[in-house]
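When we follow full-length UniProt numbering, the leftmost residue of the sequence shown carries the number 1, and every step to the right adds one. Each remark here refers to the structure printed beneath this line.
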Amino acid sequence: MKDILKVETISQYNALKDIPNRHPLITCFDSADAKPLKSGKFNFGFYAIFLKGVNCGELQYGRNTYDYEAGTLVFMGPGQAVEIKSQKDYNPKGNALLFHADFIKGTPLASKIHSYTFFSYELNEALHLSEKEQQIVKDLFSKIDYELEQSIDKHSKQIVCNTIELLLNYCERFYERQFITREVLSQGVVSNFERMLHAYFNSEKPQKIGLPSVSYFAEELNLSANYLGDLIKKETGKSAIDHIHLKLIDLAKDRIFDADKSISQVAYELGFKYPQHFNRLFKKNTGYTPSAYRNLN
């Protein structure tokens, strides 16, 4: 197994890329001016956004290999690993923004950074930008770069954090556009999710494995849980976990009518470890306890 090089700080990364260390918690640069990274596995301790300008090689990220295309925007969150596979040193053209979580502490962005779920998407779920969208991203990178060139004053951090937040908000919009423009593919994923959900509960998996999670279906579909959840929410208006719960309640209503089975047996059949958890979920969704629903009907 290859050793993973942990790069915990922005300063460490700047040293690897041989670029000026203008700020210990954030860096923004043009990759053409930086030293290439060697092939290997890396684990970064900060947020990273890369805008690729040309086709520039193959990366292994999570379970997938991805060949970058021009105009691709890639996000990585702290603690995620990436493997660079290249016969030569890896030096993709484009722009990069990296910032440590400590940089945004005490700002409104810190409280909402986790809502930008694309930081934990798989690499093959990257954002593909139009030329106009690329220009917006480049302009915002340029504004951050400009601020890092200036002497730090009381406005610096707020301006940079606000610009990062604006960039991330644009990226949310661009991802929504991508879900729409790839609607046929998205609908195929939703159909497969529904089919797998049906198959799961019509097998012995609930008794053997328990209640299915969004991560379980994402793994089966070769997607990240966040990407699957966002895609399903966009396509159907309901979250992936809502779909799982609705399927559970629908099946539970049918099985509760079997008078030969206790409510506890129904709960175990559906994958609940504790019947009281089943009772709570059923009442939340129907307004009745399972026993009351059986008597009512």
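We put the CB at the ideal spot given by N, CA and C, even for glycine. In this text, all values refer to a predicted model and were calculated from it rather than measured experimentally.
Report task. Could you check what DSSP says for Thr286 in three-state terms: helix, strand or coil? Result -> As a first step, residue 286 is located in the sequence shown; it is residue number 286 there, counting from the start. Looking at Thr286 - three-state DSSP - the assignment turns out to be helix.
Query raised in the report: Does the pairing of the region 187-201 with the region 212-222 give three or more beta-carbon distances under 8 Å?
Result: yes
Query raised in the report: With respect to the beta strand (DSSP E) encompassing Thr236, which residues constitute its N-terminal and C-terminal limits?
Result: To locate residue 236, count along the sequence shown from 1; it is residue 236. Careful: Thr236 lies outside any beta strand (DSSP E), inside the alpha helix (DSSP H) at Ala225 to Thr236.
Query raised in the report: Between the region 95-107 and the region 148-166, do three or more beta carbon pairs fall short of 8 Å?
Result: yes
Query raised in the report: In angstroms, rounded to a whole number, what distance separates the CA positions of Gly77 and Gln207?
Result: As a working note, residue 77 is residue 77 in the sequence shown. As a working note, residue 207 is residue 207 in the sequence shown. Taking the straight line from one Cα to the other gives about 35 Å.
Requested in this report: Check whether the Cβ atoms of Leu270 and Leu248 sit closer than 7 Å, and answer yes or no.
Outcome: Here residue 270 refers to the residue found at position 270 of the sequence shown. Here residue 248 refers to the residue found at position 248 of the sequence shown. Taking 7 Å as the Cβ cut-off, Leu270 and Leu248 qualify as a contacting pair.
Report task. List the endpoints of the continuous alpha helix (DSSP H) containing Leu109. Result -> The sequence position of residue 109 within the sequence shown is 109, counting from 1. Start and end: Pro108 to Lys112.
Report task. Measure from the alpha carbon of Ala34 to the alpha carbon of each residue in Lys17, Leu25, Lys41 and Asp258, then state which is nearest. Result -> Here residue 34 refers to the residue found at position 34 of the sequence shown. The option with the nearest alpha carbon to Ala34 is Lys17.
Requested in this report: Helix, strand or coil for Ala292, going by three-state DSSP, please let me know.
Outcome: The sequence position of residue 292 within the sequence shown is 292, counting from 1. If DSSP states are grouped into helix, strand and coil, Ala292 belongs with the helices.
Report task. Please name the residue in Lys143, Arg255, Leu231 and Asn21 whose C-alpha comes closest to that of Asn202. Result -> The residue labelled residue 202 in the question sits at position 202 within the sequence shown. With distances taken between Cα atoms, Asn202 lies closest to Arg255.
Query raised in the report: Taking Cβ to Cβ, would you say Gly45 is nearer than 7 Å to Glu83?
Result: Translated into the one-based positions of the sequence shown, residue 45 becomes position 45. Translated into the one-based positions of the sequence shown, residue 83 becomes position 83. No, the Cβ-Cβ distance between Gly45 and Glu83 is not below 7 Å.
Query - Cβ neighbour criterion (16 or more within 10 Å) applied to Glu125 - result: What you label residue 125 is simply residue 125 of the sequence shown in a count that begins at 1. With 16 or more Cβ atoms within 10 Å of its Cβ, Glu125 is classed as buried.
**Report entry** Tyr116 (DSSP reduced to helix, strand or coil)
**Finding:** On the sequence shown, residue 116 is found 116 positions in, with the first residue counted as 1. Looking at Tyr116 - three-state DSSP - the assignment turns out to be coil, as it is neither helix nor strand.
Query - Residue closest to Lys41, alpha-carbon to alpha-carbon, out of Pro20, Arg22, Ala81 and Tyr47 - result: Position 41 of the sequence shown, counted from the start, is the residue given in the question as residue 41. The option with the nearest alpha carbon to Lys41 is Ala81.
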